[in-house]
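Residues 42 to 516, numbered by the numbering used here, are exactly what the sequence shown covers, in order.
Each residue gets a CB set at the ideal place from its N, CA and C atoms; glycine is no exception.
This report concerns only the one structure given below.
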Amino acid sequence: MALFDHIRRRNPCQSSLPSLIHHLWLPNSPFSLTAHLSKIYYTVKNLSHGISRFTSLVLSLLALGLLGGCDLNTRMSTFDTKGPVAEAQLDLFMLTVWVTLFIFILVGGVYLYAVIKFRERPNDDRPLPSQGHGNPLIEIGLIGASVLLLVVIAVPTLQGIWFTHDIPEDPASKLGAWYSGEGLAEEEAENPLVIRVIGYQWWWAFEYPQLGITTANEMVIPAGKAVHLELRSVDVIHSFWLPRIAGKVDLIPGRANSMWIQAGDSYESWKTKNGHEGDTVELQTTYQEYLETEIHDYYYGQCAEYCGDSHARMLFRASVKSDEEFADWIASEKTGNSAPEGMDWTEWYAAYDSNPDQLTGDINEGLKLFMGRAKCATCHQVQGNPRALGVAGPNLTNLAARYSIAAGWLNHRAEDGSIDTEQQYENFFKWINETDVVKPGNLMWRANGGGIGELPEPLTEDEVHKLSLYLQTLQ
Ligand code: CUA
Numbered sequence: 042m043a044l045f046d047h048i049r050r051r052n053p054c055q056s057s058l059p060s061l062i063h064h065l066w067l068p069n070s071p072f073s074l075t076a077h078l079s080k081i082y083y084t085v086k087n088l089s090h091g092i093s094r095f096t097s098l099v100l101s102l103l104a105l106g107l108l109g110g111c112d113l114n115t116r117m118s119t120f121d122t123k124g125p126v127a128e129a130q131l132d133l134f135m136l137t138v139w140v141t142l143f144i145f146i147l148v149g150g151v152y153l154y155a156v157i158k159f160r161e162r163p164n165d166d167r168p169l170p171s172q173g174h175g176n177p178l179i180e181i182g183l184i185g186a187s188v189l190l191l192v193v194i195a196v197p198t199l200q201g202i203w204f205t206h207d208i209p210e211d212p213a214s215k216l217g218a219w220y221s222g223e224g225l226a227e228e229e230a231e232n233p234l235v236i237r238v239i240g241y242q243w244w245w246a247f248e249y250p251q252l253g254i255t256t257a258n259e260m261v262i263p264a265g266k267a268v269h270l271e272l273r274s275v276d277v278i279h280s281f282w283l284p285r286i287a288g289k290v291d292l293i294p295g296r297a298n299s300m301w302i303q304a305g306d307s308y309e310s311w312k313t314k315n316g317h318e319g320d321t322v323e324l325q326t327t328y329q330e331y332l333e334t335e336i337h338d339y340y341y342g343q344c345a346e347y348c349g350d351s352h353a354r355m356l357f358r359a360s361v362k363s364d365e366e367f368a369d370w371i372a373s374e375k376t377g378n379s380a381p382e383g384m385d386w387t388e389w390y391a392a393y394d395s396n397p398d399q400l401t402g403d404i405n406e407g408l409k410l411f412m413g414r415a416k417c418a419t420c421h422q423v424q425g426n427p428r429a430l431g432v433a434g435p436n437l438t439n440l441a442a443r444y445s446i447a448a449g450w451l452n453h454r455a456e457d458g459s460i461d462t463e464q465q466y467e468n469f470f471k472w473i474n475e476t477d478v479v480k481p482g483n484l485m486w487r488a489n490g491g492g493i494g495e496l497p498e499p500l501t502e503d504e505v506h507k508l509s510l511y512l513q514t515l516q
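Here you go:
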């Protein structure tokens, strides 16, 4: 302590970096590093005294047992990759695993050897083994080895960063090469498909600017094609993570990030991987079969950056489809949803404006609530319906054709991949009736008051029922 006092006298408190560093060493300074470190040391020491060796052993075994619950092939596994980006990320991860495992075994081996060979025995009168502090050969050797291992990791890491950032120049991914549907501007034929991913608290908008449609929470992408994603956020930072295909890139307010994703290999890389050469009809058929059986699927994604109350309930999905299915999907999104009972929208609104009572039946009642008392159309858009133009909430076009609602939180996808309509009805009902319970903090009005579109009178159960029935017709 005399030393500290000496320094203190020589160096009166000043607001400079040397002074700050000096403070870290003063035992009585509020910034004292030494005091803090010793406090932490004694706390940990006292804690560990409380646990007997036996208890620690049991706890360690239990912890090991928990590892047995880890399954590498779940629907959000980064080990079961289905695309080049996720695959590159997995390769890089495995490389670091092998390098660190090598270090672990090497260092652990030497350590274990020393602990066993030089441990103290009863009545041990052997002299201390020779001490090798400061051996220049060992020190330089260790520094050199660390640098070498870091380079071994750094080179592929940088390659990986570039690979996952720049969308590959793949002629087969150009819209003109595979998109057979309508509404594609000529100047877009040379570009890959672009999807604008926009994060909201707590849901996702997916815009397809080249094709003029917008959907929410369930994106649809073509199999085997590189897709360019533009990532934006309207509120706080979110993160796009579709584990088996690609991830993670943040969505940051005031800035557009980008990444590319691809479900399955391109024709060319599939051929290279499987040792095929040339281009025959058989090869193309086999490639299509590969896409059909291994890649066409329904993938699970999740926001991977803490973004508030319902961050854990900000999920999303990606349906990977064939080129034809994709074109059909775009067409049906463009057409949107029609008015009930085969009426056209002009007709329906003429009746609604003149005398809404003439629009009868549960579906019409549901739609009247949607447009009127429940204020749904204030925040939600339904393609086709000329007065449902809200943009604050998710686009509801073909909502009933999706497999989940509430950003993936309420699911109605049956095991065979179809839609369980009973479950769907229950989910709609639950969401409208208690959105604040399903997704705490969300902006939609709550049936019991609150939210941005607070209703003067809460909806009755019968009204929630009719609204749910109407929503089930959106497909
Ligand atoms: Cu959005 Cu977490």
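Counting every other CB atom within 10 Å of its CB across the protein chains shown gives Q465 a total of 16 or more, marking it as buried. G305 is classed as buried because its beta carbon has at least 16 other beta carbons within 10 Å across all chains shown. Sixteen is the threshold: when 16 or more other Cβ atoms of the shown chains lie within 10 Å of the Cβ of F411, as they do, the residue is buried. Runs of the alpha helix (DSSP H) lying entirely within the region 120-201 and spanning at least 4 residues, in chain order: 125-158. Bridge pairing for N298: L272 [DSSP]. Measuring C-alpha to C-alpha distances from T119 to each of D132, K314 and L108 identifies D132 as the nearest.
At a cut-off of 7 Å, the beta-carbon of Y249 does not count as near the ligand CUA: no heavy atom of the ligand is closer than that. The alpha helix (DSSP H) runs lying completely inside the region 321-362 and spanning 4 residues or more are 322-331, given in chain order. Residue environment: C417 is assigned as buried (16 or more neighbouring CB atoms within 10 Å of its CB, all protein chains considered). Between A447 and K480, the gap from beta carbon to beta carbon is short of 8 Å.
For a cut-off of 8 Å, the C-beta gap from A287 to A127 is around 5 Å, short enough to register as a contact. Put simply, the backbone Cα of A257 is about 45 Å away from that of F143.
In terms of side-chain proximity, the C-beta atom of W450 is found no nearer than 7 Å to any non-hydrogen atom of the ligand CUA.
Annotation for L451: S445, N468, K471, W472 and V479 place their beta carbon closer than 7 Å to its own, counting only its chain and skipping 5 residues before and after. Contact between the region 172-181 and the region 269-286 is absent, with fewer than three C-beta pairs closer than 8 Å. As computed with DSSP, L292 is found in a beta bridge with H279.
Beta-bridge pairing by DSSP links Y241 to W244. Taking all protein chains shown into account, Q516 has fewer than 16 neighbouring C-beta atoms within 10 Å of its C-beta and is therefore exposed.
The DSSP-derived three-state label of E259 is strand. The straight-line gap separating the alpha-carbon atoms of L190 and I157 is approximately 28 Å. Under the three-state reduction of DSSP, R94 is assigned to helix.
DSSP places P212 within a helical segment (H, G or I) once states are collapsed to three. DSSP places E229 in no alpha helix (DSSP H); its state is neither H nor E. In the three-state reduction of the DSSP assignment, Y220 falls in the coil class, being assigned neither a helical nor a strand state.
In the three-state DSSP reduction, I254 falls in the strand class (E or B). A Cβ closer than 6 Å to some heavy atom of the ligand CUA marks a residue here, and those residues are G240, W243, H279, C344, E346, Y347, C348, H352 and M355.
Scanning its chain for C-beta atoms nearer than 7 Å, with the 5 sequence neighbours on each side dropped, one finds around D211 the residues A267 and S307, in chain order. Excluding sequence positions up to five before and after G201, its CB lies within less than 6 Å of the CB of A129 and L133, all in the same chain and listed in chain order.
Between A391 and Q399 a beta carbon distance of about 10 Å is seen, past the 8 Å cut, so the two are scored as non-contacting. Residues of the same chain with a CB within less than 7 Å of the CB of A218, apart from the 5 flanking positions on each side, are P212 in chain order.
In the three-state DSSP reduction, A455 falls in the coil class, being neither helix nor strand. Residue environment: F159 is assigned as exposed (fewer than 16 neighbouring CB atoms within 10 Å of its CB, all protein chains considered).
D112 and R285 do not touch by the CB rule: their CB atoms are close to 14 Å apart, not below 8 Å. V235 carries a strand assignment under DSSP once its states are collapsed to helix, strand and coil. When Q329, W389, A104 and L103 are compared, the shortest CA-CA separation from W311 is found for Q329. Under the rule that a run must span 4 or more residues, the alpha helix (DSSP H) segments found entirely inside the region 361-387 read 364-376.
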